[in-house]
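Q: Just so we're aligned, residue 15 is where the sequence shown starts under this note's numbering, counting upward by one.
Glycine included, each C-beta is placed from N, C-alpha and C at the ideal position.
Here the structure is a predicted model, which is why all the values come from computation and not from measurement.
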Amino acid sequence: MGVGGQVIVCQIQKCRDDEIQMLKKFFSTSDLPLAAYLKLQNYSIARIQRAGDGRASFVFHDNPERGELLLKFFNRETEIEPLAFLDQIRNLKSLIKQG
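(1) Please report how far the alpha carbon of I62 lies from the alpha carbon of V73, in whole angstroms.
(2) I'd like the list of long-range same chain contacts for A60, defined as Cβ closer than 7 Å, with 5 residues on each side in sequence excluded.
(3) Mapping the DSSP letters down to three states, classify G66 as helix, strand or coil.
(4) With 16 as the cutoff for other CB atoms within 10 Å, does K53 come out buried or exposed?
(5) Among I94, S71, R90 and R80, which has the Cα closest to the Cα of S44?
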């Protein structure tokens, strides 16, 4: 492969690296209670990805603290106000229905 081929390979690799870095900036979940919890932890929704079957995934701007928050959530070690949690679930369902 000549020099020109190496440049193309480098450009493709750079594009892949850029895509990987972009993906690291976001976190996606279709788990409605988890999405509600993240909203209560001040995570902002970047977008909602809808599937053809009516389901949706919430794409959040990521945060370095996410791993710790997920552990607390799944280990049931969180303290959240129940009515605020219910309100967030309702809000998220409303966003899904808005299409």
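A: On the basis of the supplied data:
(1) 6 Å
(2) F40, V73, F74 and H75
(3) If DSSP states are grouped into helix, strand and coil, G66 belongs with coil.
(4) buried
(5) Considering only alpha carbons, the answer is S71.
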